[in-house]
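Undergrad: Start counting the sequence shown at 135; every next residue gets the next number (this note's numbering). Every residue gets a Cβ at the ideal spot worked out from N, C-alpha and C, and that includes glycine.
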Amino acid sequence: MKACLVSPDGQTTISLKNDITVVGRKQGVCDVFLDRGNVSKIHCLIIKTDGLLLVRDLGSTNGTLVNGQKVSRGALLPGDELSFASLTFQVQFGAEMSGVLSPERTEAMPVVPEPGVGGATSEESDSSDSLDEFPLPEV
Numbered sequence: 135m136k137a138c139l140v141s142p143d144g145q146t147t148i149s150l151k152n153d154i155t156v157v158g159r160k161q162g163v164c165d166v167f168l169d170r171g172n173v174s175k176i177h178c179l180i181i182k183t184d185g186l187l188l189v190r191d192l193g194s195t196n197g198t199l200v201n202g203q204k205v206s207r208g209a210l211l212p213g214d215e216l217s218f219a220s221l222t223f224q225v226q227f228g229a230e231m232s233g234v235l236s237p238e239r240t241e242a243m244p245v246v247p248e249p250g251v252g253g254a255t256s257e258e259s260d261s262s263d264s265l266d267e268f269p270l271p272e273v
């Protein structure tokens, strides 16, 4: 699952590539390094699991907030505001992310007109090999 944090001005995008992302100001330890004194050395975790994005505060001094509410842990939704002390980002993941439904991953499906619609006659729709053109997968 693709997920990222975007600054309010849209100038900064932080990609959340790992299943567990450590956020804080301790360089070399944190996956997301935030060089601000009011961000704790190891501030919080962001966890991607089963299509969900979760946040867990690690006892930070100034807190982790979701939509302005201080949380110790919780689920994130696309569009939520996630704040680490005074730094705020918008959470983006799932269908909201551009490129998630990229052409490389989405196959084009042929259009099969219904009988009597778009010029197909009932004779054409009864043809025995019309079903062979689009075999159903075995379950």
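How big is the Cα-Cα spacing for residue 135 and residue 228?
TA: Residue 135 and residue 228 have their C-alpha atoms roughly 7 Å apart.
Undergrad: Taking the continuous beta strand (DSSP E) assigned at residue 182, which residues delimit it?
TA: 178-183
Undergrad: Contact between the stretch 202-210 and the stretch 140-160: three or more CB pairs below 8 Å?
TA: no
Undergrad: Cβ of residue 223 within 7 Å of Cβ of residue 150?
TA: No, the pair does not count as a contact, with Cβ atoms beyond the cut-off.
Undergrad: Considering only DSSP beta bridges, list what residue 174 is partnered with.
TA: Its beta-bridge partners do not exist; DSSP assigns none.
Undergrad: With DSSP collapsed to three states, give me the class of residue 158.
TA: strand
Undergrad: Beta-carbon within less than 6 Å of residue 225's beta-carbon, same chain only, minus the 5 sequence neighbours each way: which residues are those?
TA: If you ignore the 5 residues before and after residue 225, its C-beta comes within less than 6 Å of the C-beta of 210, 214 and 216, all in its own chain and listed in chain order.
Undergrad: Near residue 197, what residues of its chain come up, given a Cβ to Cβ distance below 6 Å and the 5 sequence neighbours on each side ignored?
TA: 204
Undergrad: In terms of DSSP beta bridges, what is residue 203 paired with?
TA: 200
Undergrad: Give the C-beta separation of residue 180 and residue 189 to the nearest angstrom, bearing in mind that I take them to be a contact with Cβ-Cβ under 8 Å.
TA: 6 Å
Undergrad: Under the DSSP definition of a beta bridge, which residues are partnered with residue 224?
TA: 140 and 215
Undergrad: Can you have a look at residue 146 and say buried or exposed, based on whether 16 or more other CB atoms are within 10 angstroms of its CB?
TA: Looking at its Cβ environment, which holds fewer than 16 other Cβ atoms inside 10 Å, residue 146 is exposed.
Undergrad: Compute the beta-carbon to beta-carbon distance between residue 163 and residue 218, rounded to the nearest angstrom, for a pair I have assumed lies under 8 Å.
TA: So it is not a contact: roughly 15 Å between Cβ atoms.
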